[in-house]
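Residue numbers (the working numbering): 10 to 88.
Data first, discussion second: the structure below is written as structure tokens.
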Ligand code: SF4
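Laid out in structure tokens, this is it:
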């Protein structure tokens, strides 16, 4: 008798939204943790507990150059 795994692994990845290149080049848009009030730059951590690794500047720029998309953090806060 085989045991079925009752937990399904999620195959969904982070959602990346398309960024208009004209807007990105001409406006000072907020798109990474380094611009957020909740970011601790000494440890590269989000102080409210979210996974900052997906929203770091170098990660965002990497995906933007590959696909024109970025993963916006819905909890980003700017002073
Ligand atoms: S709230 Fe979002 S953008 Fe701000 S530090 Fe945390 S993960 Fe980064």
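We treat Cβ as the ideally placed atom computed from N, Cα and C, and that holds for glycine.
Heavy atom of the ligand SF4 within 6 Å of residue i beta-carbon
i          : result
residue 33 : no
residue 64 : yes
residue 73 : no
residue 48 : yes
residue 40 : no
residue 85 : yes
Residues near residue i in its chain [Cβ-Cβ closer than 8 Å; skip 5 each side]
i          : result
residue 26 : 78, 79, 80 and 81
Contact belief for residue i with residue j at Cβ below 8 Å, rounded distance in angstroms
i          : j          : result
residue 48 : residue 69 : Not confirmed; about 13 Å, so no contact.
Cβ shell of residue i (< 6 Å), same chain only, five flanking positions each side left out
i          : result
residue 21 : none
residue 43 : 66
Cβ-based neighbour list, residue i, same chain, cut-off 7 Å, excluding 5 preceding and 5 following
i          : result
residue 73 : 28 and 79
Coil, strand or helix - residue i by DSSP
i          : result
residue 25 : coil
*Entirely within the region 39–63 and at least 3 residues each: give me those beta strand (DSSP E) ranges in chain order.*
none
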